[in-house]
Each structure stands twice: as structure tokens, then as C-alpha cells.
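3 is the number of the first residue of the sequence shown in our numbering; add one for each residue after it.
Comments concern the structure below.
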Amino acid sequence: MKKTLQLLGKALGLSALLAASQAGADVVNISGSITASTTWYATNTYTLTGKVYVQSGANLTIEPGTIIKGTNDTTLFGSLFICQGAKIFAQGTPDRPIIFTSTADNIGTANPWPNLGIYDRGLWGGIVLLGNSSVNSAVDATGNGSSPKYDIYEGLPDTVINGQNVHRFGGNNDADSSGVMRYVSIRHGGKRLESNKEINGLSFCGVGSSSVMEFIEAYAIADDGFEWFGGTVNTRYLVSAFNDDEAFDTDQGYRGTNQFWFGIQEHGAKDGGFEIDGDAPVTGVAPTSVWKLWNATILGSGSANGQQAGNAFVIREFASPSFFNSVFSDFARRGLSIDANSTTHIAGGGLDIANNIFF
Numbered sequence: 003m004k005k006t007l008q009l010l011g012k013a014l015g016l017s018a019l020l021a022a023s024q025a026g027a028d029v030v031n032i033s034g035s036i037t038a039s040t041t042w043y044a045t046n047t048y049t050l051t052g053k054v055y056v057q058s059g060a061n062l063t064i065e066p067g068t069i070i071k072g073t074n075d076t077t078l079f080g081s082l083f084i085c086q087g088a089k090i091f092a093q094g095t096p097d098r099p100i101i102f103t104s105t106a107d108n109i110g111t112a113n114p115w116p117n118l119g120i121y122d123r124g125l126w127g128g129i130v131l132l133g134n135s136s137v138n139s140a141v142d143a144t145g146n147g148s149s150p151k152y153d154i155y156e157g158l159p160d161t162v163i164n165g166q167n168v169h170r171f172g173g174n175n176d177a178d179s180s181g182v183m184r185y186v187s188i189r190h191g192g193k194r195l196e197s198n199k200e201i202n203g204l205s206f207c208g209v210g211s212s213s214v215m216e217f218i219e220a221y222a223i224a225d226d227g228f229e230w231f232g233g234t235v236n237t238r239y240l241v242s243a244f245n246d247d248e249a250f251d252t253d254q255g256y257r258g259t260n261q262f263w264f265g266i267q268e269h270g271a272k273d274g275g276f277e278i279d280g281d282a283p284v285t286g287v288a289p290t291s292v293w294k295l296w297n298a299t300i301l302g303s304g305s306a307n308g309q310q311a312g313n314a315f316v317i318r319e320f321a322s323p324s325f326f327n328s329v330f331s332d333f334a335r336r337g338l339s340i341d342a343n344s345t346t347h348i349a350g351g352g353l354d355i356a357n358n359i360f361f
């Protein structure tokens, strides 16, 4: 938990060391596709203009201490997609995290302090990992009827660039790897793609279990902090702080093990702690969304300022998560809201909520 709180502190702008070290850095503009392995260096600040795609066969390596900023243009807002067959190696350190933020953020300039706060959201896109692990269903009708199933990232078309469908995810390789992310801070994203469809802070789309994802925070995002669309990736030490929607959201048969999550909400735009869906758009399909979490602390915003909605958990559509040894506090409506379709997993012992504290 100490390391988790250190990451949260950095998200709140408590570390000037990194910003000061970036003063005077060269600005490198990035757009379009990356088709060969490349490295982004801490001596530069990188600006993402529009959707940047790391395509199949390419690895993106990011040095500790690197700052990457997304543009806030209405149609060409910055975002980063790691496509199927590509990998990201973003390995920061506790003292030199890798920071993704908006071009509106002063961090990395002569001003050593970030000028944005918890209400500055939706100022660029976010990071989307698109892997080859399985999904149990797909919103895309063609993908849902395929074997193996695939889907298209929500709100985007099935675009082909350099012969690759760059928005697709899913497959039959549950041991797939999308790379490594450690000590990464994702701030002020969540730009809207279309009505009710925004980019999350970090989206795990069919991401496989050979990926390493730990010590990552999503801060002041205009949608979910983290969302899983199927896949089997395991995570540790995630922080979801002051985001508009859920702290954590799972869909489409996600299966993985997770430990040491921290979530906190504010009184304004927010929803529940967890939105847990089993599948979409059909119900009861395999593989079942069976995932587990140990040692989480999730704090809601209470009932102040008329905020009467918000559950710690909403569990739907045959989902079968398990939560152990965790603390859930200050959710204004209720601790648990479980869909009737998921009660079959309670009776069978798959959906298990044990040794937790609710208050």
C-alpha cells in the first residue's frame, strides 16, 4: 500500500523532481503509425496528435522519466493504441515514473508543478492495449459470429491501416503478451468518441496473461480509470483516482488475478466502484467472466451534496468475480447490487465475497 500511495502522490502533483528534470526538453511530435520498433527517450517530451498506432511486429520502448502528452483537438485528440501483435515496454521507476498527460499540463516545462487538478478531465484520449486473448462475446455482429471471436474497440470503425485492422482485439491466445507497463501515470484523459463512449484511462482489450501490468495509476479521467474487455491479463498495484465513471470496469469474459488496487472518488461526476459485466450483447456464453481480487481499498464519495447514487459493486450478466481481504467504504447507495443472472454463481460457489470490510 505504501507504494500505491506514493503513486497517488505523484498523480496529485507532489513530485517536482521529474518535471524539473524535463525543463527545456525537446518536443517530438508523433502521429500516424509506428511500424518498426522504436524508443522514446526521457530527454524528450512526446506529443501525440490524433490516434497513434503501434502496429503488429513493432515494439515501443519508453525510458523511465519520459513525459508523453496528448493533444485536445476535437477530432484529432491524442491517444495511443498498441495493436494486436505489437508490444509496449514502458518501465518507469518509483522516482522516475512515465507520465501520460494532456498538452494543457505544464509538467515538463519550466514550471516544475502540474497546473491541472482532479476536475480537469477529458483533455486527450488514453491508452488502449489490443491483444489476442479470448473474449466470450462481441458487440460487432461479424466478430461475434467468428471463430475465434473478435471485437472492435467501442465507438470506433473497423479501420484498416497498412493491412491491419487496427481497432480489433480478441482471439485464442490466452497467453498473449502486449508487453510491460510499470510505474506509469495516466492523467486527464477520457476524450469522448461518441455519445456514452469515451476512451478509458487504460483499456485492456483481449490482453493476455503474459503481459506484465503493475504500479499504474489513472487519474482525473472522464470515464473509467481501467476497463477490461475480455482477456486474461493479471495486474498488481493499480490506482484509480477521481475519475468520472467507475474506478474499475470489466466486460466480455475477463479472467485474471489481481492484487493491491486503490480507488477513490470525489463528490461530482462519478459512478460506482466496480461495474462488472459478464458478456455483451448476449448472456450466458463461455468463457465465464471469472476473475479475482485481493487486498483492495475502494473509497466512494459518500452522500454529500445530494450524491445519493453509487454502489461499491454492480455485478451483472453471469459475471463471477471474487473479492477477498479488502475494504469498501463511503458508497452512498449500497455495497452490492447483483443481477439475478449472476446468483447462479453464488449458489455454485464461484462468485465469492469473503473477509472484507464494508462501512
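Backbone N, C-alpha and C fix where the C-beta goes; we use that ideal spot for every residue, glycine too.
Cβ distance (whole Å) where I278 is taken to contact F320 below 8 Å:
Sequence index remark: in the sequence shown, residue 278 carries index 276 (1-based). Sequence index remark: in the sequence shown, residue 320 carries index 318 (1-based). In this structure I278 is not in contact with F320, their Cβ atoms being roughly 10 Å apart against a cut-off of 8 Å.
Are P99 and Y239 touching if we call contact CB-CB under 7 Å?
In the sequence shown, the residue the question calls residue 99 occupies position 97. In the sequence shown, the residue the question calls residue 239 occupies position 237. No, Cβ-Cβ distance for P99 and Y239 is not below 7 Å.
Leaving aside the five residues before and after S339 along the sequence, list all residues of the same chain whose C-beta is less than 6 Å from its C-beta, in chain order.
For this step, residue 339 is matched to residue 337 along the sequence shown. A distance below 6 Å between beta-carbons, with the five flanking residues on each side excluded, links S339 to the following residues of its chain, in chain order: N313, V316.
In three-state terms, what does DSSP make of N146?
By 1-based counting over the sequence shown, the position of residue 146 is 144. The answer is helix: DSSP assigns N146 an H, G or I state.
For a test of your reading of the model: does the CB of A222 fall under 6 Å from any non-hydrogen atom of the ligand ZN? Yes or no.
Ligands in the displayed structure: none, and consequently the ligand ZN is not present.
Between which two residues does the alpha helix (DSSP H) containing I109 stretch?
Indexing the sequence shown from 1 puts residue 109 at position 107. I109: not part of any alpha helix (DSSP H); DSSP gives it neither H nor E.
Are the beta-carbon atoms belonging to I266 and A298 less than 7 Å from one another?
Within the sequence shown, the letter at position 264 stands for residue 266. Within the sequence shown, the letter at position 296 stands for residue 298. The answer is no: Cβ separation not under 7 Å.
State the DSSP-derived secondary structure class of I188, mapped to helix, strand or coil.
The residue given as residue 188 occupies position 186 in the sequence shown. Residue state, collapsed to three classes: strand.
Within 10 Å of its beta-carbon, does N357 have 16 or more other beta-carbons around it, so buried, or fewer, so exposed?
As a first step, residue 357 is located in the sequence shown; it is residue number 355 there, counting from the start. Burial call: exposed.
Pull up the distance between the alpha-carbon of W296 and that of P323, whole angstroms please.
Numbered from its first residue, the sequence shown carries residue 296 at position 294. Numbered from its first residue, the sequence shown carries residue 323 at position 321. Straight-line Cα distance between these residues: approximately 11 Å.
Taking only the alpha-carbon atoms, compute the straight-line gap between A140 and W293 and give it to the nearest angstrom.
If you number the sequence shown from 1, residue 140 lands on position 138. If you number the sequence shown from 1, residue 293 lands on position 291. A140 and W293: Cα-Cα distance of roughly 19 Å.
Does DSSP put I348 in a helix, a strand or coil?
Here the question's residue 348 lines up with position 346 in the sequence shown. Helix.
Determine the direct distance from the alpha carbon of R189 to that of I223, and round the result to whole angstroms.
Translated into the one-based positions of the sequence shown, residue 223 becomes position 221. Translated into the one-based positions of the sequence shown, residue 189 becomes position 187. It is roughly 7 Å from the alpha-carbon of I223 to the alpha-carbon of R189.
Might you give, ordered along the chain, the residues of its own chain that have their beta carbon closer than 6 Å to the beta carbon of D247, omitting 5 neighbours on each side?
Position 245 of the sequence shown, counted from the first residue, corresponds to residue 247. Closer than 6 Å at Cβ, skipping near neighbours: D225, D226, D273.
Rounding to the nearest angstrom, what Cα-Cα distance links C85 and V54 in this structure?
To locate residue 85, count along the sequence shown from 1; it is residue 83. To locate residue 54, count along the sequence shown from 1; it is residue 52. Whole-angstrom Cα-Cα distance: 10 Å.
Going by C-alpha distance, which of P159, G133, S135 is nearest T144?
Counted from its first residue, the sequence shown places residue 144 at position 142. Cα-wise, what sits closest to T144 is P159.
Contact check, G210 vs D251, beta carbons under 7 Å:
The count along the sequence shown starts at 1 and reaches residue 210 at position 208. The count along the sequence shown starts at 1 and reaches residue 251 at position 249. Contact: no.
Hey, G191 and G128: beta-carbon distance below 7 Å or not?
The residue given as residue 191 occupies position 189 in the sequence shown. The residue given as residue 128 occupies position 126 in the sequence shown. One thing to note: G191 has its Cβ within 7 Å of the Cβ of G128.
May I ask you to report which of helix, strand or coil DSSP gives N260?
On the sequence shown, residue 260 is found 258 positions in, with the first residue counted as 1. It is a strand residue.
Can you tell me where the beta strand (DSSP E) with R238 in it begins and where it stops?
Indexing the sequence shown from 1 puts residue 238 at position 236. Counting along the chain, R238 sits inside the beta strand (DSSP E) bounded by residues 237-243.
I'd like to know whether the C-beta atoms of S104 and L125 end up nearer to each other than 7 Å.
The residue labelled residue 104 in the question sits at position 102 within the sequence shown. The residue labelled residue 125 in the question sits at position 123 within the sequence shown. In this structure, L125 lies closer than 7 Å to S104 by Cβ.
I need the boundaries of the beta strand (DSSP E) containing Y48, first residue and last residue.
For the purposes of this step, residue 48 is taken as residue 46 along the sequence shown, with counting starting at 1. Element bounds for Y48: 46-50.
Could you check which residue in P289, N46, W263, V130 has the C-alpha nearest to that of V168?
Position 166 of the sequence shown, counting from 1, holds the residue named residue 168. The closest CA to that of V168, considering only P289, N46, W263, V130, is found on V130.
Quick one: Cα of D107 to Cα of G80, how far?
By one-based count along the sequence shown, residue 107 stands at place 105. By one-based count along the sequence shown, residue 80 stands at place 78. So the two alpha carbons sit approximately 14 Å from each other.
In angstroms with no decimal places, state the Cα-to-Cα distance between G351 and V56.
Within the sequence shown, numbered from 1, the residue matching residue 351 stands at position 349. Within the sequence shown, numbered from 1, the residue matching residue 56 stands at position 54. Cα-Cα distance, rounded: 41 Å.
Measuring CA to CA, which of I120, G59, S35 is closest to N245?
Locating residue 245 in the sequence shown gives position 243, where the first residue counts as 1. Nearest of I120, G59, S35 to N245, Cα basis: I120.
How should T68 be labelled, buried or exposed, when 16 other C-beta atoms within 10 angstroms of its C-beta is the threshold for buried?
One-based indexing of the sequence shown puts residue 68 at position 66. T68 should be labelled buried.
What three-state label does DSSP hand A342 in the structure shown?
Numbered from 1 along the sequence shown, position 340 holds the residue referred to as residue 342. Three-state result, A342: helix.
Residue environment, A88, which counts as buried when at least 16 other CB atoms sit within 10 Å
Position 86 of the sequence shown, counted from the first residue, corresponds to residue 88. With a threshold of 16 other beta carbon atoms within 10 Å, A88 meets it and is buried.
Going along the chain, which residues of its own chain have a beta-carbon closer than 8 Å to the beta-carbon of V137, five neighbours each way excluded?
One-based indexing of the sequence shown puts residue 137 at position 135. Excluding residues within five positions, the ones whose Cβ falls inside 8 Å are K151, Y152, D153, F171, G172, G208, F231, G232, G233, Q254, G255.
Count the other C-beta atoms from every protein chain shown that fall within 10 angstroms of the C-beta of F102, then say buried if there are 16 or more, exposed otherwise.
As a working note, residue 102 is residue 100 in the sequence shown. By the 10 Å Cβ count, F102 comes out buried.
When DSSP labels each residue in this structure, what does L330 get in the three-state scheme?
Within the sequence shown, the letter at position 328 stands for residue 330. Per the sequence presented here, residue 330 reads as Phe, with Leu not at that position. In the structure shown, F330 adopts extended strand secondary structure according to DSSP, grouped into three states.
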